[in-house]
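Undergrad:
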Amino acid sequence: QFGSSASGSATFILASIAILPLSAASPGMAAMAAPEGHAAGGRDLMAMDAEDMLFLKRLRSQVKRESRQELLFRRCVGRLELSEQELLFQRALQGRLEGEAVRSWQLQERQQAAELMPKEALESAYAHRVEDLLCLLGKGCHTETADLH
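For the sequence shown, the positions run -25 to -1, 1 to 124 when mature numbering (1 follows the signal peptide of the UniProt record, and there is no 0) is used.
1) How many Å lie between residue 83 and residue 46 at the Cα?
2) Helix or strand or just coil, what does DSSP make of residue 28?
3) Any idea what DSSP makes of residue 113, helix, strand or coil?
4) Give the straight-line distance between the Cα atoms of residue 44 and residue 30, rounded to the nearest whole angstrom.
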């Protein structure tokens, strides 16, 4: 019986050592014996506690906020550049439209004047203008409009 009780005691001692948590043994052995992803003492490195979760949540919020601010800034800069281009385009268009309006107005005035004046009166007015210009240039003054035709 002694032999069997001695071997039973040895089995009990070995079983007790195997049941002891690894953290009770030396830290080096615990780290080597810990499965991948687990720390000594059985804590899962992949599992996060509430503090870790809160930190990550704040970090994500900050990144999102900074991304939104940068995006907003880029949009504002883009709008400013676009606004300057639109302003230049509008000014050019306005100048062009004003120029066309002036030309159209001048053309209308000429047409109305031509409709109001008979052909002979227009020819006479033209002849007098030419005569005045020739006098100004020192080419001599013509008194008869027939000479200019």
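Idealized CB from N, CA, C, for every residue including glycine.
TA: Result, derived from the coordinates:
1) Locating residue 83 in the sequence shown gives position 108, where the first residue counts as 1. Locating residue 46 in the sequence shown gives position 71, where the first residue counts as 1. Looking at the two C-alpha atoms, the distance is approximately 53 Å.
2) Position 53 of the sequence shown, counted from the first residue, corresponds to residue 28. Residue 28: helix per DSSP, three-state reduction.
3) The residue given as residue 113 occupies position 138 in the sequence shown. Three-state DSSP puts residue 113 in coil, outside helix and strand.
4) Locating residue 44 in the sequence shown gives position 69, counting from the first residue. Locating residue 30 in the sequence shown gives position 55, counting from the first residue. Residue 44 and residue 30: Cα-Cα distance of roughly 21 Å.
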